[in-house]
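Going by the numbering used here, the first residue of the sequence shown is number 4, and it counts up by one from there. Note sheet for the following structure.
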Amino acid sequence: MRIVPLVIALVLIKPLQADDFFLSACDYTLTLSGYVAQQGVDSLKAITVREQPWTLFVVCTPNSRRTSDISEIQDRAKENGDFIRGYHEFDFSNGQRAAIFRNTTRTNPVVRLEGYFATRDFEYRFVFVPEKGKTLRQEHWTAMEAELQSIISASRPGKQSPALPEASYRFRLSMFLAGLALAIGILSFFALRSILRRKKQ
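Listed below in structure tokens is the structure:
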């Protein structure tokens, strides 16, 4: 069923304005202007009020790893047979780093915009899908990529610390383990040399 008549009816009832939406499960606030939205405690679905409707899905989930998956997005897409275009990253809100890209998954041929960022407490995912059956020109995608970036940049993830990218975490961990192994080796060498000297005496 087409959503255009519903959107037009809602516009006639409620004028366009910027509204704040608060996802209480993850202490996250985002501002949308010109959308009709339904929200839960950890997710939101919003539809643009315009000639070419888009649907925006936002969801937050607990970040059990405490790191950001931003460094893994493109490699994982290749492994899964997905096709990513226009990938770019940007910084916002106290050092948070987000990524936006166009994605076509192996199991779903519909092209969509996706966004992602993570704090140490939560991961945030965004999916922007155009109305089915519409052929979009490049300028439409460019405009919506800019809009999604603007939405994420203006959002407020509470007092949450940025998450370290998984690749950086693994690198630091490997450096720490290598340093620890080197320190143990040096201490073992001096301990062994001390023991041998005592035996000679």
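Note that the Cβ used here is the ideal one computed from N, Cα and C, for glycine as well. Here the structure is a predicted model, which means the values were calculated and not measured.
With 16 other CB atoms within 10 Å as the buried threshold, where does R201 fall?
exposed
How many Å lie between R159 and L151 at the Cα?
Going from the Cα of R159 to the Cα of L151 covers about 14 Å.
What's the call for T70, buried or exposed, on a 16-neighbour Cβ count within 10 Å?
buried
Coarse secondary structure for Q77, derived from DSSP in three states:
Under the three-state reduction of DSSP, Q77 is assigned to helix.
Please report the distance separating the alpha-carbon of F120 from that of R100.
6 Å
Exposed or buried, which one is F104 when buried takes at least 16 other CB atoms within 10 Å?
buried
What separation, rounded to the nearest whole angstrom, lies between the Cα atoms of R123 and D30?
13 Å
Identify whether E54 lies in helix, strand or coil by the three-state DSSP scheme.
coil
Under the three-state DSSP convention, the category A40 falls into:
strand
A149: first and last residue of the uninterrupted alpha helix (DSSP H) it sits in
Counting along the chain, the unbroken alpha helix (DSSP H) around A149 starts and ends at Q141 to A157.
Between G43 and R53, which are expected to be in contact by the criterion C-beta below 8 Å, what is the C-beta distance as a whole number of angstroms?
In fact, because the Cβ distance is near 24 Å, the residues do not count as touching under 8 Å.
Quick one: give me the first and last residue of the beta strand (DSSP E) that V130 is part of.
F125 to P133
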